[in-house]
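Chains as they are written, first to last, in our numbering: chain V, 1 to 424; chain X, 1001 to 1424; chain Y, 2001 to 2424.
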Amino acid sequence: MRNLQDVVLHKIIYNSLDDGRLLNVCWDMLMMRNQESMKKWAAVFLIIAIVIGIAMIPQLNEYGAEGAMTAAENDFMYEKSIHILVMLLMGFGFLMVFVRKYGYTSVTVTYLAVALSLPLYMLIRPYLWGPAADISIANISMLLFAEFAAASLLIAIGGTLGRVNTHQYLLIGALFTPLYALNEWILFSGAVIPAGAFLDTAGSITIHAFGAYFALGMIIMLASKKEREIEVETSKRSNEFALLGSAALWVFWPSFCAALVSVDKIPLVAINTILALCGATIATYVFSILIRGKIEVADIANASLAGGVAIGASVANVTPGWSMLIGLIAGAISVFGYTIIQPRLQKATGGVDTCGVHNLHGMPGVFGGIIALGLVASPSWQLAGVIISVIFAITMGILVGFIASRLGKKETLYDDKEEFIVPD
Amino acid sequence: MRNLQDVVLHKIIYNSLDDGRLLNVCWDMLMMRNQESMKKWAAVFLIIAIVIGIAMIPQLNEYGAEGAMTAAENDFMYEKSIHILVMLLMGFGFLMVFVRKYGYTSVTVTYLAVALSLPLYMLIRPYLWGPAADISIANISMLLFAEFAAASLLIAIGGTLGRVNTHQYLLIGALFTPLYALNEWILFSGAVIPAGAFLDTAGSITIHAFGAYFALGMIIMLASKKEREIEVETSKRSNEFALLGSAALWVFWPSFCAALVSVDKIPLVAINTILALCGATIATYVFSILIRGKIEVADIANASLAGGVAIGASVANVTPGWSMLIGLIAGAISVFGYTIIQPRLQKATGGVDTCGVHNLHGMPGVFGGIIALGLVASPSWQLAGVIISVIFAITMGILVGFIASRLGKKETLYDDKEEFIVPD
Amino acid sequence: MRNLQDVVLHKIIYNSLDDGRLLNVCWDMLMMRNQESMKKWAAVFLIIAIVIGIAMIPQLNEYGAEGAMTAAENDFMYEKSIHILVMLLMGFGFLMVFVRKYGYTSVTVTYLAVALSLPLYMLIRPYLWGPAADISIANISMLLFAEFAAASLLIAIGGTLGRVNTHQYLLIGALFTPLYALNEWILFSGAVIPAGAFLDTAGSITIHAFGAYFALGMIIMLASKKEREIEVETSKRSNEFALLGSAALWVFWPSFCAALVSVDKIPLVAINTILALCGATIATYVFSILIRGKIEVADIANASLAGGVAIGASVANVTPGWSMLIGLIAGAISVFGYTIIQPRLQKATGGVDTCGVHNLHGMPGVFGGIIALGLVASPSWQLAGVIISVIFAITMGILVGFIASRLGKKETLYDDKEEFIVPD
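Here you go:
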């Protein structure tokens, strides 16, 4: 099928099987001897995946750990964890398909980022948290925490979409995941900020702002003259796929917000989330027209979701009417971001924020974290958590962006054909 | 990104911030002084959304109301409410993407209709129902009722798709929602028809037929010579998105039907719904071929769902074999509608039913309501409910269609470019 | 709508209504008198569907059967049964849309295969299993068993995609479903293999390998010179829809694996499934590059899922680290299949495996079944189950392929236009 005979039977496979060349490839790569960087990196990530798998074997297999959740609690959370998986692969993945010639890479990078960060996070967390890690095969909660890490990684990737190679995204994922886990540990473990002092029920700061400001740091380091001169092309088809991804995020967002709240608060949290999304959707329509004169469909696909981002911190602590108003403001902030702030920020940083993650996850996330100042016992710890997260994210984004920039250069921006077999 | 620099920084935003012109715009619009109707209407809907948000603040915040559902009941219903959200945004939304040049508007209008009708319904219901409203943040049921209103609105919109402007759809939504709530109250509150006398478990009449006949009323009032001369263009791409929307409706339909039944009836209702859909799918294939000679993919996307529409009224009161047969008949009715009845109806009304909602939701809905005649204690109340709903829907559709027709005229039918920034 | 006036009002409908010609058509067809085979077959399947519906009436209506599941158990399983429906219609359905000119048929055949096999399986099972059938409207489990049959059928169809007519697929479905039910009964009822001796929790052998080797049998019988000369065309659009289908399968796969396990094992099974998918996804990326030099997006869409196929048998009996490693191996096997084995197999069988179901479901399924050899009390019964299933599947595939080959010939391969009304 698909003309496989032509592309298949490539020498390398026979060689690797016959002469043990696969091991040679890996060795060459470690010694930096081979120039075929796609293959070298592929081999690196194979080894990393095998190591993660083996390292996990002694972990995660204590069945019936103390503090196990009940069957019903597990099932409620299972349901939400599947919904969040939909958001990751179908939501974030297809929202990024708006770049016309880059759809294959957008989805593939989403697959790979999820496939790497989920097991990596599960491996790391017990070392950071010790007995409090809540990592056991009797509880589904470990999966949820890992999915939140993957969500934040996908946000970070969205900022640099189309300008680095696939293996660089994998490397970014391998570095981002432990840094995300570290920041989460600072905010919630009690070791730095007192336990319970930082309110961020559904990750306005922890997940959204952290990913977006990490992206901003990477954008600064990866900025190039070339990228500012090339327009990101879209098409009807690519934008319709983006709308589909957006819809998948919209409808499952209540599960993102309700995943970790106590069971009796689920109705409130679900209704608050939906009203915040409703508010943001209307505000997006309104401000897209008021500012641009016409509706930009990318605003609808993205800024409509800002209500979900902003309500995250306070979603279990406000009432429905306030949620609608928070959503309205968040949608307005996001459209202002796409229209007014992004061009200026691009001048300031010298780089392009491809998906506008600063507009969708950065500013609405910080807005959400700041709303919570009025709801917590100690506003100063809340503020500290926001500031620590943003500064840590930018700094680490700069560092990771620097490392990634050393490891290859994408020649044809916003285009699959460099790395993929593309039909005419 | 996306060439924002060109379209951004539009004067209006600076002016609105600097000179308070946003308020001027609103005032001008109320005074009918300004001709830029898109902006005027955007401002109107911003104000409406803010008012809804503020009006909700004193509502919906009594936590732990009497008659609160258990955690498990809430979670069962939460699950179904998310599934119905998928049906609204991904299902109805993408089913309407079949119009080739109108995909942006189809999805955006879906977003806006949902974003307006959910909070509006939640606001209205307590005034209509009083203490029986079952509206409390301790119960997820309020969300379900609101989602049913949104579904019915999307059906009504489908009939006029492509021929009115976005702000007219919003206005239709603002008027439809209270009228839907009123009809629902007539059927179920006990104030008019005795409580429990009208059987319509999953809304064959209440949701589907009401929306479809409301559409018919609007179609009559919005009919124009132009629309009858212009063909609705489709493409492979647009029809494949429609199939995706259809599949989203098919697979989550059991949750639509099972959302409000007692927990012990969920298996029966789920199986009945699926068998009705199976029957309708086979009948659609058969009659599409028998009548047209070849398969029309729009039949598959639409009429396959007619089993879900028709089984709605009696889904908790029949057995699986009967459900399959009801589905077979409903699929046949729907294909007869698309092929034989619609052309005649368009001659009679002078207008076009873009999505064929009369074929998918109108006739199969009435068929479903009438089947229930054989299952209720008092067939006359059942019949009364059907007749009241259909007549009320047509009448109110005519009224709302008249109002909408006064408020603008879409120049380029079935095309996004009038209101959206569209890539070449 | 859609220019219905032109295609509608076709004589046949008036004739069938006026002269009772519909009955004539059916009679002619039974007598093999009429040459319009699409219409003949449509009538046949209408009759089959009616017969199934009527035959079901006395069945499945004993409410409150003994051994009824609790409300919570039913709801846990309901949730998973809906997720599996998503996998069937949106997952398998759109994964098969990768054939550029064949998207309408791919989705329509998916609809029809599901619509026929679900009720047919429900009808058959009680006759095979007797009182142990676990078929009652008090339990949702009957729906799950039927969905597994539909999944296996869709796999079988994927192998011959694009080369037979729609009615042949329906006939294949009508013959496949009882044969699948028979094989399942051999493996699990205790009548042949001792109850509990064969380990295949989520159907690596029962569902995946059976469907794939059945496809292989059909491919042999349906093979033609023409098909080996025609390339299966894809496009950006068609591959992006395939990625969407793939994502729908990926994210809901945990529910496929967890559907039938005891409630306390759901967290383990969900985590194991996801880690197996993560492993396969990374391995797919790696081996696609190592073997082909560039990434083939069809590998990503398909082979990434091989982890889910392979973990099926042992998913409730291994730990997370092992699941990741099993997934890595399964992904590698699948890419080896697409690149190295498929061209050779096509030479051997003379036919084309359109979707590469042998690579995704066949070899990874057998691999999964064989892993379980190390986990069962009696490896010889496990091995017997694997061998029986594969041989029975191939043999029956050959038989059904022979029958299907007698009943028509598709003229234009991999193209909708022969049977569908297609816009220009």
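Heads up, the beta-carbon is just placed ideally off N, CA and C, and yes, glycines get one too.
Where residue i falls, given that 16 or more other Cβ within 10 Å makes a residue buried
i, result
"ASP2416 of chain Y", "buried"
"ARG1406 of chain X", "exposed"
"GLY196 of chain V", "exposed"
"ASP1299 of chain X", "buried"
"LYS1225 of chain X", "exposed"
"TYR1127 of chain X", "exposed"
"ARG237 of chain V", "buried"
"PRO1131 of chain X", "exposed"
"ARG344 of chain V", "exposed"
"GLY190 of chain V", "exposed"
"ASP2353 of chain Y", "buried"
"THR339 of chain V", "buried"
"PRO119 of chain V", "buried"
Cβ-Cβ distance between residue i and residue j below 8 Å
i, j, result
"ALA1270 of chain X", "PHE1098 of chain X", "no"
"ALA181 of chain V", "ILE2282 of chain Y", "no"
"ILE52 of chain V", "LEU123 of chain V", "yes"
"ILE2084 of chain Y", "SER2255 of chain Y", "yes"
"GLY374 of chain V", "ASP200 of chain V", "no"
"SER2288 of chain Y", "ALA2306 of chain Y", "no"
"GLY351 of chain V", "GLU227 of chain V", "yes"
"GLU1184 of chain X", "LYS294 of chain V", "no"
"LEU1153 of chain X", "GLY1211 of chain X", "yes"
"ILE230 of chain V", "VAL357 of chain V", "no"
"ASN1359 of chain X", "ILE1341 of chain X", "yes"
"GLY2327 of chain Y", "ALA2404 of chain Y", "no"
"SER106 of chain V", "MET96 of chain V", "yes"
"ALA2150 of chain Y", "VAL1286 of chain X", "no"
Alpha carbon of residue i to alpha carbon of residue j, nearest angstrom
i, j, result
"ASN113 of chain V", "ILE1329 of chain X", "Note that residue 113 of chain V corresponds to Ala in the displayed sequence, not to Asn. Near 48 Å, if we compare the C-alpha coordinates of ILE1329 of chain X and ALA113 of chain V."
"TYR1063 of chain X", "GLU1073 of chain X", "Only weak support exists for where TYR1063 of chain X lies, its pLDDT of 45 falling under 50; the coordinates are left without a value."
"ALA372 of chain V", "GLN382 of chain V", "8 Å"
"ALA2223 of chain Y", "VAL109 of chain V", "37 Å"
"ALA393 of chain V", "PHE214 of chain V", "4 Å"
"PHE1252 of chain X", "LYS2347 of chain Y", "42 Å"
"LYS1410 of chain X", "VAL1164 of chain X", "5 Å"
"GLY2369 of chain Y", "LEU2144 of chain Y", "21 Å"
"ALA2065 of chain Y", "LEU2275 of chain Y", "Low per-residue confidence applies at ALA2065 of chain Y: pLDDT is 49, beneath 50, and the placement is therefore not dependable, though the value from the model is reported in the following sentence. Going by the C-alpha atoms only, they are around 38 Å apart."
"ASN2003 of chain Y", "TYR2104 of chain Y", "In this prediction, ASN2003 of chain Y has a pLDDT of 40, which is less than 50 and means its spatial position is unreliable; what the coordinates show is noted afterwards. Their backbone Cα atoms lie some 18 Å apart in a straight line."
"CYS2257 of chain Y", "GLY2401 of chain Y", "30 Å"
"ILE1054 of chain X", "MET142 of chain V", "39 Å"
"ALA1985 of chain Y", "TYR111 of chain V", "It is not possible to answer for residue 1985 of chain Y, since the shown part of chain Y is limited to 2001 through 2424."
"MET1324 of chain X", "ALA310 of chain V", "46 Å"
CB-CB length for residue i against residue j, believed under 8 Å
i, j, result
"VAL1386 of chain X", "ILE1186 of chain X", "No, VAL1386 of chain X and ILE1186 of chain X are not in contact; Cβ-Cβ is about 12 Å, not under 8 Å."
"GLY408 of chain V", "HIS167 of chain V", "7 Å"
"CYS278 of chain V", "GLY159 of chain V", "The pair is not a contact, with the Cβ atoms about 27 Å apart (cut-off 8 Å)."
"TRP1129 of chain X", "ILE2057 of chain Y", "So it is not a contact: roughly 39 Å between Cβ atoms."
Chain B within 8 Å of residue i, Cβ atoms only
i, result
"ALA2072 of chain Y", "Structure shown: chain B not included; protein chains present are V, X and Y."
- Item | Selection of the segment 2077–2090 of chain Y by Cβ proximity to chain X, strictly under 8 Å | TYR2078, GLU2079, SER2081, ILE2082, LEU2085, VAL2086, LEU2088, LEU2089 and MET2090
- Members of the segment 134–145 of chain V that neighbour chain Y once the beta carbon cut-off is set at 9 Å: SER136, ILE137, ALA138, ASN139, ILE140, SER141, MET142 and LEU143
- Task: May I ask you to list, following chain order, the residues of the segment 2243–2263 of chain Y that have a beta carbon less than 8 Å from some beta carbon of chain V?
- Result: LEU2243, LEU2244, ALA2247, ALA2248, TRP2250, VAL2251, PHE2252, PRO2254, SER2255, ALA2258 and VAL2263
- Message: Output needed in chain order: residues of the segment 2110–2132 of chain Y with a Cβ under 7 Å from some Cβ in chain V.
- Response: none
- Item | Interface residues of the segment 2214–2246 of chain Y facing chain V [CB-CB below 8 Å] | GLU2231, VAL2232, GLU2233, THR2234, SER2235, LYS2236, ARG2237, ASN2239, GLU2240, LEU2243 and LEU2244
- In chain order, what residues of the segment 333–367 of chain V put their CB closer than 7 Å to some CB of chain X? Here the close residues are TYR338, THR339, ILE340, GLN342, PRO343, VAL352, ASP353, THR354 and GLY356.
- Against chain Y: residues of the segment 96–111 of chain V by CB proximity under 7 Å: VAL97, GLY103, TYR104, VAL107, THR108 and TYR111
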